[in-house]
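Written out below as structure tokens is the structure these notes cover.
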Amino acid sequence: MTLLRSALLESLPWLDHGFGTRSAPIDQNRMASLRQIHSNLCFTASSAGCAGEGDALVTAESGLAVSVRTADCLPVLLADTRHRAVAAIHAGWRGSASAIVVAALRRMQNEFGTAPGDVFAAIGPGIGVCCYFVGEDVARKFGHDRAGCIDLAGANRAQLVDAGVPAAHIDVLGLCTQCDPARFHSFRRDKEAAGRMISFIRVAEKTPV
0 MTLLRSALLE SLPWLDHGFG TRSAPIDQNR MASLRQIHSN LCFTASSAGC AGEGDALVTA
60 ESGLAVSVRT ADCLPVLLAD TRHRAVAAIH AGWRGSASAI VVAALRRMQN EFGTAPGDVF
120 AAIGPGIGVC CYFVGEDVAR KFGHDRAGCI DLAGANRAQL VDAGVPAAHI DVLGLCTQCD
180 PARFHSFRRD KEAAGRMISF IRVAEKTPV
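Each residue of the sequence shown is one higher than the one before, counting from 0 in numbering that gives the first Met the number 0.
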């Protein structure tokens with residue numbers, strides 16, 4: 000089983016995380032999850048199971064993994080290095096256009112006192128600018144004046160920086176799901192036959208002091 004990990008998040012000894020691949024099926028039943036609806040709605044998770052309809056989950060519960068399902072949309076994971084709180088975010092073009100990563104960050108601020116400067120972020124595999132051609136209506140939501148390719152990872156990174164997360168605290172894996180059928184599911188490539196990949200983050204149950 001091959002999970003992908005962020006070197007930045009790996010530097011936190013109290014944290015467990017992973018980005019799923021085709022060869023790394025993950026059992027989401029023991030994790031907190033959502034019925035994802037391409038929104039900017041964020042929930043706080045206190046137990047495993049479905050927390051509602053939305054696209055971001057935050058928690059500070061030790062041992063509880065928050066998770067998202069993706070197949071071209073971006074999985075974004077956040078960790079508050081001071082308060083040991085985490086977030087898992089599903090960021091497609093709709094969620095990205097409505098700043099779902101900022102909504103999750105604000106939820107962490109309100110729930111746990113998170114300061115953006117203490118946050119580490121990892122942006123996992125998703126459809127890359129190399130493959131993500133969109134029409135003019137979608138392109139305009141990302142500051143373009145005509146149809147073309149948009150950079151979802153770059154847009155989410157910029158939103159985090161604008162919200163106060165230091166650029167050095169953001170790890171972009173830079174892996175395109177459509178380009179790499181051996182490793183990743185892709186809805187744009189495989190349509191209804193596409194599977195989904197689970198990404199998760201949690202505070203370890205036994206954390207070093």
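Just so it is clear, CB atoms sit at the ideal spot from N, CA and C, and this is done for glycine as well.
Check your understanding: Apart from the five residues just before and just after D71, which ones in its own chain have a Cβ nearer than 7 Å to its Cβ?
Key -> G125, I126, T176, Q177, S185, F186 and R187
Exercise for review: Per DSSP, which residues does I88 bridge with? Please list them.
Suggested key: A55 and V75
Review point. What number of angstroms, rounded off, separates the C-alpha of L104 from the C-alpha of D15?
Key: Spanning the two alpha carbons is a distance of roughly 19 Å.
Point to revise | Proximity winner among H89, L33 and L11, relative to N155 (alpha-carbon distances) | key: H89
Check your understanding: Out of I197, W13, P165 and V164, which has the shortest C-alpha to C-alpha gap to A84?
Key -> W13
Practice item. Could you spell out the range, first to last residue, of the beta strand (DSSP E) harbouring V160? Key: It is not in any beta strand (DSSP E) - V160 instead sits in the alpha helix (DSSP H) that spans L151 to D161.
Review point. Secondary structure at G94, three-state DSSP: helix, strand or coil?
Key: helix
Check your understanding: Looking only at its own chain, which residues have a Cβ that is under 7 Å from the Cβ of S198, when we skip the five neighbours before and after it?
Key -> G17, F18, G19, S66, V67, T69, P74, L76, A87 and G123
Practice item. Go through its chain and collect everything with a Cβ distance to I99's Cβ below 7 Å, but skip five positions before and after it. Key: N39, D54, A55, I88 and A90
Check your understanding: For G94, is the classification buried or exposed, using 16 other Cβ atoms within 10 angstroms of its Cβ as the cut-off for buried?
Key -> buried
Practice item. Using 10 angstroms around the beta-carbon of S22, count the other beta-carbons present and answer buried if the total reaches 16, otherwise exposed. Key: exposed
Review point. In whole angstroms, what is the alpha-carbon distance linking V208 and S61?
Key: Its pLDDT being 35, under 50, V208 is placed unreliably in this model, and the coordinates cannot settle the point.
Check your understanding: Is it the case that the Cβ atoms of D79 and T113 are separated by a distance below 8 Å?
Key -> yes
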